[in-house]
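For the sequence shown, position 370 (counting from the first letter as 1) is numbered 369 according to numbering that gives the first Met the number 0, and the numbering increases by one without interruption.
Here a beta-carbon is modelled for each residue, glycine too, at the ideal position from N, C-alpha and C.
Beneath this line is the structure, given in structure tokens, with notes to follow.
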Amino acid sequence: MNVSAGSLKLQFPGSQSGALAARLELPDGEVRAYALFAHCFSCSKDVFAASRVSRGLTASGIAVLRFDFTGLGQSDGDFGNTNFTSNIDDLVRAAEFLRDNYRAPRILIGHSLGGTAVLAAAHRIPSVSAVATIAAPADPQHVKRLLRDDIDTIQRQGFAEVELGGRRFKIRQQFLTDVAAQPQAERIRTLGAALLVMHSPADKIVSIDEAGKIFDLAKHPKSFVALDGANHLLSRREDSQFAADIISAWAARYAFEDDAAPAGVYDVEIADRAQKPSVEREHGVVTVEETGNGLFQQRISSGGHKLLADEPEPIGSDTGLSPYELLLAGLGACTSMTLRMYAERKNLALEKVSVRLAHSRIHADDCATCETTEGMIDHIDRSISLTGNLSVAQIVRLLEIADKCPVHRTLRSEIMITTVLDESGTATAAEGRLHES
Numbered sequence: 000m001n002v003s004a005g006s007l008k009l010q011f012p013g014s015q016s017g018a019l020a021a022r023l024e025l026p027d028g029e030v031r032a033y034a035l036f037a038h039c040f041s042c043s044k045d046v047f048a049a050s051r052v053s054r055g056l057t058a059s060g061i062a063v064l065r066f067d068f069t070g071l072g073q074s075d076g077d078f079g080n081t082n083f084t085s086n087i088d089d090l091v092r093a094a095e096f097l098r099d100n101y102r103a104p105r106i107l108i109g110h111s112l113g114g115t116a117v118l119a120a121a122h123r124i125p126s127v128s129a130v131a132t133i134a135a136p137a138d139p140q141h142v143k144r145l146l147r148d149d150i151d152t153i154q155r156q157g158f159a160e161v162e163l164g165g166r167r168f169k170i171r172q173q174f175l176t177d178v179a180a181q182p183q184a185e186r187i188r189t190l191g192a193a194l195l196v197m198h199s200p201a202d203k204i205v206s207i208d209e210a211g212k213i214f215d216l217a218k219h220p221k222s223f224v225a226l227d228g229a230n231h232l233l234s235r236r237e238d239s240q241f242a243a244d245i246i247s248a249w250a251a252r253y254a255f256e257d258d259a260a261p262a263g264v265y266d267v268e269i270a271d272r273a274q275k276p277s278v279e280r281e282h283g284v285v286t287v288e289e290t291g292n293g294l295f296q297q298r299i300s301s302g303g304h305k306l307l308a309d310e311p312e313p314i315g316s317d318t319g320l321s322p323y324e325l326l327l328a329g330l331g332a333c334t335s336m337t338l339r340m341y342a343e344r345k346n347l348a349l350e351k352v353s354v355r356l357a358h359s360r361i362h363a364d365d366c367a368t369c370e371t372t373e374g375m376i377d378h379i380d381r382s383i384s385l386t387g388n389l390s391v392a393q394i395v396r397l398l399e400i401a402d403k404c405p406v407h408r409t410l411r412s413e414i415m416i417t418t419v420l421d422e423s424g425t426a427t428a429a430e431g432r433l434h435e436s
């Protein structure tokens, strides 16, 4: 695999046995979710809307796989033998490739007829929780408008040489038959995923009325965003960047994996999960409660994971990590995982990571870079050991990546903590007075 500026050139088997050319855009840091991007009819993965939107999404931690459908761009196969159904099959193959080699995609994004295709493919990709369309027709039969001057020829002789986007393609009768048989309205009504519909009122290729049809057919949660002033291909960079920004903000609600595994570890499909015994887990929620063993011992649980916390002697019984040690453990684990993720993506010869951390309080005037100038401040000393055949430049870059650890960023950012009374337990006299007041 060729690596270039966070972008991987890949290949995977398509629905018609040939190899499909693909490009995986990776963020510089944690992957919050994987997405698939489907390009427009007769386009390629490198069309402006596909390439610019995909790269824009990486800034928010979204990894995007875009590929050439069978017979287009750099992919194998004969475009004349493809149809809308084969495009759906190619999308499913792409999702399986991500699942087996990285992580199953949670987001489908489609431009023009690619948007129509992702609406149709979503039912066959169990991991998908969010679908976004850009300038998409509601029904694949809309493509017949591009072929209107050649339909009589196709029906008469079974095929026609058609010029699309300055290139000539052979369109066969089976293509027209296939698009006419698609149950697209029912697919949209039963999408089963959050939907974002994006369309320009100025689109001269696909009318914004098509967006209205998609939106009306779909059930909530659904959102609509007008791409004011944009053309059908999103040729202006600011239009594609705006689309990427909107998709990123929207996907954070419906598709981001806060407990995402490092890149290279893929999710199994929902059906596979059902076959394996697992503990019911509310991801990202940690419960802490007193055990009654000693004065300070606490039981910490999250799903099937349990551990103890305590204060060291002589204050406590030293039966578990102290609260600050747990904080350091979170930072250290995140640091090591982030470095491993980066090293695997860049094919670095990193054999082992070790992180040592200590917390202390220091005088503010001892910190030359701190905004606080008086009193005491918290200080975390983090020492990172990297084992492997690494160059000086690679080591320097790895130390820079360590600061991109999400827990590190959280500790350095403004944090809001909201405290409420949990009324699900047994009420006490004190709680009764609290309610009365």
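For residue 405, the secondary structure class from DSSP, reduced to helix, strand or coil, is helix.
Membership of residue 115 in the alpha helix (DSSP H) is indicated by the continuous run 112-120. The alpha-carbon separation between residue 356 and residue 106 amounts to approximately 37 Å.
Looking at the backbone, the Cα of residue 306 and that of residue 332 are separated by about 16 Å.
The C-beta separation of residue 22 from residue 65 comes to about 6 Å, placing the pair in contact by the 8 Å criterion.
Within the segment 164-234, complete beta strand (DSSP E) segments of at least 3 residues are found at 166-171, 193-198, 221-225, given in chain order. The beta carbon of residue 173 is closer than 8 Å to those of 82 in its chain, skipping five residues each way along the sequence. Listed as beta-bridge partners of residue 386 by DSSP are 351. Across the set 415, 209, 150, the C-alpha of 209 shows the shortest separation from the C-alpha of residue 184.
Three or more Cβ pairs drawn from the segment 135-145 and the segment 109-126 lie within less than 8 Å of each other, which places the two stretches in contact. A distance of 7 Å or more separates the beta carbons of residue 20 and residue 38. Rounded to the nearest angstrom, the gap between the Cα atoms of residue 30 and residue 387 is 24 Å. Boundaries of the beta strand (DSSP E) harbouring residue 132: 129-133, taken from the DSSP string. Within the same chain, and ignoring the five residues on either side of residue 347 in sequence, the residues whose Cβ sits closer than 8 Å to its Cβ are 341, 387, 389, 393, 397.
For residue 35, there is no enclosing alpha helix (DSSP H); the residue is part of the beta strand (DSSP E) that begins and ends at 32-37. Taken through DSSP and simplified to helix, strand or coil, residue 419 comes out as coil. Taken through DSSP and simplified to helix, strand or coil, residue 162 comes out as strand. Per DSSP, residue 325 is one residue of the alpha helix (DSSP H) stretching across 322-344. By the neighbour-count criterion, in which a residue is buried when 16 or more other Cβ atoms sit within 10 angstroms of its Cβ, residue 200 is exposed. Looking from the CA of residue 176, the closest CA among 211, 80, 320, 326 belongs to 80.
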